[in-house]
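This report refers to the structure that appears directly beneath it.
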Amino acid sequence: MLVMGGTEFVGLAILKGLISKGYQVDFLTRGIKEVTIQGYNKHHICDRQNENELKKCLSEIQYDYIFDISAYSRKDVESLLRSVKLSQIKRYCFLSSGAVYIPSEKHLDENSERGKNANWGNYGLEKKEAEDYLFELNKKFNFPVVIFRPSYIYGEGNNLYRESYFFQRILNKQPLPVPNTGKSKTQFIHINDVVGIILDSITNDKTIGEAYNLTHPREFDWIEFVEIVQRVVSKRTKILGISQEDMEELDVLPRKFFPFRDITYLMNINKLKEHNLLQPCIDIEEGLQLSFEWFLKQNIKEQFHLMKDLERVSNYC
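Using this note's numbering, the first residue of the sequence shown is number 107, and each one after it goes up by one.
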């Protein structure tokens, strides 16, 4: 088995999950991050953007399963598939994103329209183009791809400054400006559910040529979410609800003072059940508790500067 990625968050969690099940696993990264895990077979070090390097690393090895966590575009996928032996691949698992869908106030299913979404920019569009290429390979050559479209992934090891931001603000008793526009509902999925479902998919032939939304069905607005985080931390700080009028007055967008987008981001996961795959089972309180326990063991630096208008918005309130 080959994992593209393996030293950060999702890639590392997939790698750990495969090793724990006794699989022989290689992984490929640029070699920048320290490898802290044991039990893998081989660590390939190269830049996947350099196809010549990829071919030197992979062209002589036959993999049955590939978990592509680090591809962001069609070009990334094409260069990898030109660099490996394809004859015996049983499953190519591609981590896409819910960002491939066009904006919607409704729950999105796997057949909802995909395309340009200004909320996500080129990220969602390039993931969609990679998906299209893989679907084309499946249609023409029965290439055994399975695609996953997660909502916000959270949990232990998250290298994005999301849960840690809330934990630090609350522990420091610093105010939390939160979009309160009444227009956003969202969902999350814990990293352990992501890993469980992806690993479950490789032994289920129904998944070949299919895409699956990944999210826990529970939904909430941002004020509700922050209240949940405060209960998990067992401390409270002042929540500053920022209305649409406030943002217009300040001429500021939510991402300039908050680590998430203020949009409706909801998906239907009925297809997982229909295809006899595992269901997300870790609710937000349980998942955030696991995340908080992990956070307390780390030495994560405050990165409030990433939200350039955080202090301005806080002072305004």
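Every residue, glycine too, gets a C-beta built ideally from N, C-alpha and C.
| Query | Result |
| --- | --- |
| Same chain, Cβ closer than 8 Å to proline 281, neighbours up to 5 away in sequence not counted | Arg275, Thr343, Lys344, Ile345, Leu346, Ser420, Cys423 |
| Check: leucine 402 C-beta below 8 Å from any heavy atom of the ligand FAD | As for the ligand FAD, it is missing from this structure, which has no ligand bound. |
| Asparagine 267 and threonine 292 closer than 9 Å at C-beta | One point to set straight first is that residue 267 is tyrosine, not asparagine, in the sequence displayed. Taking 9 Å as the Cβ cut-off, tyrosine 267 and threonine 292 do not qualify as a contacting pair. |
| Identified DSSP bridge partners for aspartate 174 | Met110, Phe200 |
| Contacts around isoleucine 369, its chain only, beta-carbon distance under 6 Å, and the 5 residues preceding and following it disregarded | Asn225, Ser290 |
| 8 Å CB neighbourhood of glutamine 130 in its chain, flanking five on each side removed | Met107, Asn147 |
| Spatial neighbours of glycine 204 in its chain, beta-carbon cut-off 6 Å, leaving aside the 5 residues before and after | Arg255, Ser257, Met373 |
| Buried versus exposed call for lysine 233 [16 or more other C-beta atoms within 10 Å across all chains shown] | buried |
| Beta-carbon proximity check, threonine 63 vs valine 252, cutoff 9 Å | One cannot answer for residue 63 here, as it falls past the ends of the chain, which runs 107 to 423. |
| Closest residue to tyrosine 271 among Glu330, Ser202, Leu416 (Cα-Cα distance) | Leu416 |
| Per-residue burial, leucine 412 [other beta carbons within 10 Å of its own, 16 or more giving buried] | exposed |
| DSSP state of glycine 117 mapped onto helix, strand, coil | helix |
| Three-state secondary structure assigned by DSSP to alanine 224 | coil |
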